[in-house]
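Taking my numbering, the leading residue of the sequence shown gets 1, the next gets one more, and so forth. The beta-carbon is built from N, C-alpha and C at its ideal position, and this holds for glycine as well. Worksheet for the structure shown next.
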Amino acid sequence: MRSVETIEVAEDDGVARIDRWLRRRYPHLTQGQVEKLLRTGQVRVDGARVKASDRVAPGQKVRVPPLPDAAPKRDPGALSVRDEAFVRALVIHRDNDVIVLNKPPGLAVQGGEKTTRHLDGLLEGLKFDAEKKPKLVHRLDRDTSGCLVLARHPRAAAALSAAFRDRDTDKIYWAIVVGSPRPMAGEIRGWMRKAPGAREADREMMQRCVQSDEGAVHAITQYAVISEAADRAAWVALRPVTGRTHQLRFHMAEIGHAIIGDPKYKCDRPTPNNVGSTLLLHARALRLPHPSGGELKLIAPTPEHMRASFDALGFEERDAGDPFAAFEAGR
């Protein structure tokens, strides 16, 4: 049994509901136990009673009554040595606030009914010197590789989530598409929505629609051709101005230049030989504000399956230059 504690809310905790702050600090308590402690006045903030929905901020002092210790149990989140080594090998940037991974294709970000191995289940291996595992702040499709950002504490999570939500980020993807778009640089705009009545396996399949349709969202993608393999295929840089589900994949198929290896969004152009069957879409570069000030600018190395396709089509990675250069004027 613990003794009475007076705990100062840390800067990294950010502003949070008192019940959520308590659950983060004492994860063995149930929501019902936390609410009872608050309702009976056993937990106080700066000497005053508070409700579960009241917020605490850095610098405030929280009085916590004696609490039972957590019952000893096997840690369900414990990773094997092999899994920890695997997920740590994905790290391309780490500081006190942020971790950035180069996610491989085929690894789901979060679990589902038929997905038992996923990145969310491996985050325990990315605690390093922190008490708690990092938190995902955005997603990539299972078969998309590249830059994926994690927050190491609640304050960083709030700042990074706001940056993605408010479009205060630049994301540049590389893709290899069938044919070569004309003009060689442009902007794709249109309305899209989740296809109604789709099979369970295609529950996130997107379709073209008009603004008045239920669930319609507007999507904008900028593109620039980096290199061409005659009229067979093109290596393109893509910048999603909006962040809709499957936006890049949907837009490229809509203009008749589907991303090679995409099982959902296709067009009538033939796929070149010797490029494999894995989706050739890579979150190459990311620029975003750092939670502690300044700017992060990151580049994810090209994955093996994409390098093999570059070789097959005669593309040279050195031809790309600055991944942001083609879109600087649009910032």
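Anticipated Cβ contact below 8 Å, residue i with residue j, distance rounded
i, j, result
"A320", "I226", "6 Å"
"H118", "L136", "So it is not a contact: roughly 10 Å between Cβ atoms."
"H305", "T278", "5 Å"
"R82", "Y173", "No, R82 and Y173 are not in contact; Cβ-Cβ is about 30 Å, not under 8 Å."
"R287", "E295", "7 Å"
"E124", "A175", "About 32 Å separates the two Cβ atoms, so there is no contact after all."
"W21", "D13", "6 Å"
"R155", "P291", "7 Å"
"G41", "R49", "5 Å"
Neighbourhood of residue i by C-beta, 8 Å cutoff - its chain only, sequence neighbours within 5 removed
i, result
"R331", "Residue placement at R331 is flagged as unreliable, the pLDDT there being 48, under the threshold of 50; the coordinate-derived value follows with that caveat. D170."
"D334", "For residue 334 there is no data in the structure shown, the boundaries of the chain being 1 and 331."
"K264", "D202, M205, H246 and R249"
"G168", "Per the sequence shown, residue 168 should be read as Asp rather than Gly. Only A162, L288 and P289 meet the Cβ criterion."
"D322", "none"
"H282", "T144, S145, G146, Y173, W174, A175, A300, T302, P303 and M306"
"Q31", "D19 and R23"
"D213", "W191 and R193"
Contacting residues, own chain, Cβ-Cβ under 6 Å from residue i (five flanking each side not counted)
i, result
"D19", "V34 and A52"
"R189", "I220"
"E139", "The sequence shown places Arg at residue 139, rather than the Glu named in the question. Correct list, in chain order: V109."
"G234", "Checking the displayed sequence, the identity of residue 234 turns out to be Ala instead of Gly. These residues qualify, in order along the chain: V177, S180, V225 and E228."
"R239", "I172, Q222 and F327"
"F164", "H138"
"E405", "In the structure displayed, the chain extends from 1 to 331; residue 405 sits before or after that span and is not available."
"H251", "I188 and T221"
"E200", "Below a pLDDT of 50, predicted positions are generally treated as unreliable, and E200, at 47, falls in that range; the measurement from the model is reported next regardless. Excluding positions up to five away in sequence, the list is empty."
Same chain only: Cβ atoms within 7 Å of residue i, ignoring 5 sequence neighbours per side
i, result
"S3", "P66"
"K280", "It should be pointed out that residue 280 corresponds to Leu in this sequence rather than to Lys. Around L280: A175, I176, I259, I260, G261, M306 and S309."
"G314", "A229"
"A312", "N274 and V275"
"P301", "N102"
"F324", "D170, I172, A285 and R287"
"K266", "A253 and A258"
Nearest residue (CA-CA) to residue i, options the options
i, options, result
"A57", "A253, E8, R23 and D97", "E8"
"G186", "Q222, H282, R208 and D213", "Q222"
"V149", "E316, D322 and I299", "I299"
"R94", "A130, R39 and G47", "A130"
"A10", "L126, K61, G256 and R165", "K61"
"R24", "T40, H153, C209 and T115", "H153"
"P68", "E5, V15, A89 and R232", "E5"
"G121", "V91, M192 and V87", "V87"
"K297", "E317, V241, I92 and E214", "I92"
"V236", "A48, D166, R182 and G111", "R182"
"F128", "T40, A89 and R244", "A89"
I'd like the ranges of any alpha helix (DSSP H) spanning at least 4 consecutive residues and lying wholly in the segment 71-135.
81-88
Should the segment 143-155 be regarded as contacting the segment 88-103, the criterion being three or more beta carbon pairs within less than 8 Å?
yes
Which full runs of the alpha helix (DSSP H) of 4+ residues lie inside the segment 6-81, going along the chain?
18-25 and 31-39
Let me know the alpha helix (DSSP H) ranges lying completely inside the segment 132-201, each 4 residues or longer, listed in chain order.
154-165
What are the uninterrupted segments assigned as beta strand (DSSP E) that are 3 or more residues long and contained completely in the segment 258-318, given in chain order?
281-289 and 295-299
Three or more C-beta pairs below 8 Å linking the segment 90-100 and the segment 151-169
yes
Suppose only complete runs of 3+ residues qualify. What are the beta strand (DSSP E) ranges in the segment 195-239, listed by chain order?
206-208 and 217-229
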